[in-house]
DNA sequence: CATAAACTGTTTACAAGGAAACATTCTGCT
DNA sequence: AGCAGAATGTTTCCTTGTAAACAGTTTATG
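Chains as they are written, first to last, in our numbering: chain A, 11 to 171; chain B, 11 to 171.
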């Protein structure tokens, strides 16, 4: 018994016998459980990289948008500016991200990847974006497509297919 | 400007112009954004109740399964036992949940709702389970059904339709 | 029976994220 | 030019959740 401390794999029928009622159809509840599931997949597949999902997403988006303003990145990724400050500082400390303050507007911070950062993204992009569905695939590829399509619509991200 | 501090409603095209690349199709990323969205809906609709989603889900499931063992509840709801201890203590302190330790096995804790707890669930069940889709519904009812169906399948919760 | 191991809940220490106040810089208005 | 207010990032404090060790209880095993 190594992983599965979260589900604790007891799976004693006692647990599955618990009636969830209509909360088992509540979107919020299902989203939370799904995220726990994906989080587990991520760590089983990628913990060796010492990089968390949120950190990689930042790296990846800076890679695609060099010079992006820190606050705009936070808003796009739906993290608070305060939290983005902390995350960027960590990535900067690891030598993956560089911050530059333009002289014509010294409030804002532009973000770039360092050479190391670019290499990390290039080498690990496929692994980090595809870790789901390498596990016990309960969804067919078609269903997975459908799921992401619906989620994108739910959060209003349809524009850029 | 009152809410929408999360999205910060700047919505300056600068933000939407940021290219998300393939991370915009990553299930983990979409789940996280969806959860932020649902969380926002929840607070806009139900913050006055001074009860968080996780707390209500516990109350609701105890209501459906009186006497449920605390650890089994934690496992079913996918929260850590340590965290369940804290949550139950809060609900107990608010007079909504009662803990009983059976004499024949003094390790375990059985959970029941108090009279206040039962009343709270009965009175607010509909509001707490239906707060989504009272907002800017981006999904049709059929799409919402489809979405929950896929999420249930993804987390292996199909058995009990 | 006695002791080792497992189970259950709790405590403690810590990491992650959010809210609000803050410091600095820029913009707009007069 | 000068000042009020907005924008931007940062800091500080607090809440929430996790991990690991712990205490009490029960089960299994010799």
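We put the beta carbon where it would ideally sit given N, CA and C, even for glycine.
- Distance from residue 108 (chain B) to residue 122 (chain B) at the Cβ level is roughly 5 Å; contact confirmed, criterion being Cβ atoms closer than 8 Å.
- When DSSP states are grouped into helix, strand and coil, residue 106 (chain A) belongs to the coil group.
- Here residue 160 (chain A) carries a helix assignment [DSSP, helix/strand/coil].
- By the Cβ rule, the segment 71 to 82 of chain B counts as touching the segment 114 to 132 of chain B, because three or more pairs are nearer than 8 Å.
- Residue 152 (chain A) has a beta carbon lying at 8 Å or more from every beta carbon in chain B.
- Residue state for residue 25 (chain B) is assigned as helix, using DSSP reduced to three classes.
- In the structure shown, residue 79 (chain A) falls within a strand segment according to DSSP collapsed to helix, strand and coil.
- Setting aside the 5 residues that flank it on each side, residue 84 (chain A) is surrounded in the same chain by 90, 91, 93, 94, each with a C-beta closer than 8 Å to its C-beta; the list follows chain order.
- Chain A places a beta carbon closer than 8 Å to that of residue 85 (chain B), counting this residue as a contact.
- In the three-state scheme derived from DSSP, where H, G and I count as helix and E and B as strand, residue 37 (chain A) is classed as helix.
- Residue state for residue 123 (chain A) is assigned as strand, using DSSP reduced to three classes.
- With a threshold of 8 Å between beta carbons, residue 121 (chain B) makes no contact with chain A.
- B:125 is the residue among B:125, B:161, B:147, B:168 whose C-alpha sits nearest the C-alpha of residue 73 (chain B).
- Residue environment: residue 63 (chain A) is assigned as buried (16 or more neighbouring CB atoms within 10 Å of its CB, all protein chains considered).
- Proximity of chain A to residue 82 (chain B) at the Cβ level (cut-off 8 Å) is accounted for by 22, 24, 25, 28, in chain order.
- Beta-carbon to beta-carbon, residue 39 (chain A) and residue 67 (chain B) are separated by about 6 Å, close enough to satisfy the 8 Å threshold.
- When secondary structure is reduced to three states using DSSP, residue 71 (chain B) falls in the helix class.
- A direct Cα-Cα distance of roughly 8 Å separates residue 128 (chain B) from residue 69 (chain B).
- 8 Å or more divides the Cβ of residue 43 (chain A) from the Cβ of residue 28 (chain B).
- From the beta-carbon of residue 115 (chain B), no residue of chain A is found nearer than 9 Å; the closest lies around 13 Å away.
- At a cut-off of 8 Å, the C-beta of residue 158 (chain B) has a neighbouring C-beta in chain A.
- Between the beta-carbon of residue 41 (chain A) and that of residue 34 (chain B) there is about 17 Å, and that puts the pair past the 8 Å contact cut.
- Closest by C-alpha distance to residue 147 (chain B), out of A:163, A:75, A:51, is A:163.
- For residue 96 (chain B), the secondary structure class from DSSP, reduced to helix, strand or coil, is helix.
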